[in-house]
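Position 13 of the sequence shown, counting from 1, maps to 13 under UniProt numbering, and the rest follow consecutively. By construction, the Cβ of each residue, glycine as well, lies at the ideal position given by its N, Cα and C atoms. Computed from a predicted model, the values in this text were never measured in an experiment.
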Amino acid sequence: MGDSIFGILFSSIFVSNIILSRFLGMCSFLGVSKNFNNSLGMGAAVTFVMLLATMLSYALYHLILVPFDLTYLKTLVFILSIATLVQLVEMFMKKTMPALHKAMGIYLPLITTNCAILGIALINVESNYNFLQSVANSIGTSLGYTMAILLFSCIREKLNEDMIPSCLRNLPIALITAACMSIAMMGMSGIH
1 MGDSIFGILF SSIFVSNIIL SRFLGMCSFL GVSKNFNNSL GMGAAVTFVM LLATMLSYAL
61 YHLILVPFDL TYLKTLVFIL SIATLVQLVE MFMKKTMPAL HKAMGIYLPL ITTNCAILGI
121 ALINVESNYN FLQSVANSIG TSLGYTMAIL LFSCIREKLN EDMIPSCLRN LPIALITAAC
181 MSIAMMGMSG IH
């Protein structure tokens, strides 16, 4: 529990980046990153839901699972609570903020299946973080996710498909690019 808030933030953004180091959230990373605006929308949606899911999972774990000695159910409880949370947020936004709901479009349902959201809830529990540390890890992780997907979308937009052999176009060059980004992030692995 000696981890400082700044250390957790820095580490979760750069050193243990959820996409480039832990390889969680790859489906949305590869699927939504074809243009900058979609990536920005997905990053904002992930940030919002990840923060809410972190607070909910922390409360469920420490107020229900630990006192009743049901910690072995954490993965199941986190999956169900995150899926329910996303559906409730979507219904609330649709009713009270239709413009924002329309702007987020498909991003909210996509987040229900984003393993990065579940991953951060489990990482916080496994790291034995308190509430403030969990929130800091969630914010840092979502910022790291957003940074990675925005950088990736910029690279993908700049790639000239005509210059790439046909066998490497689309997903193959995307995977090669993601691997190069991941290797570049490994240079920070010794920093804590």
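- Taking the CA atoms as reference points, Y61 sits about 26 Å from M26.
- The closest CA to that of A148, considering only L24, G7, D3 and I8, is found on L24.
- Judged by DSSP secondary structure, G31 falls within the alpha helix (DSSP H) whose first and last residues are M26 to V32.
- Between S153 and K74, the CB-CB gap reaches or exceeds 8 Å.
- Given a length threshold of 4 residues, each whole run of the alpha helix (DSSP H) inside the stretch 9–72 is given here in chain order: 26–32 and 36–60.
- Annotation: the continuous alpha helix (DSSP H) that includes Y145 extends over F131 to K158.
- Residues of the same chain with a CB within less than 8 Å of the CB of L168, apart from the 5 flanking positions on each side, are I176 in chain order.
- The stretch 133–149 and the stretch 81–94 do not touch, with fewer than three beta-carbon pairs separated by less than 8 Å.
- Nearest in C-alpha terms to I13, of all of I183, P109, E157 and N137, is N137.
- Judged by DSSP secondary structure, S182 falls within the alpha helix (DSSP H) whose first and last residues are L171 to M186.
- Taking a contact as a CB-CB distance under 8 Å, the pair V32 and S39 counts as one, their CB atoms being some 6 Å apart.
- For M91, the uninterrupted alpha helix (DSSP H) run begins and ends at K74 to T96, by DSSP.
- Looking at P172, N37, S11 and N17, the one whose alpha-carbon comes closest to that of A103 is N37.
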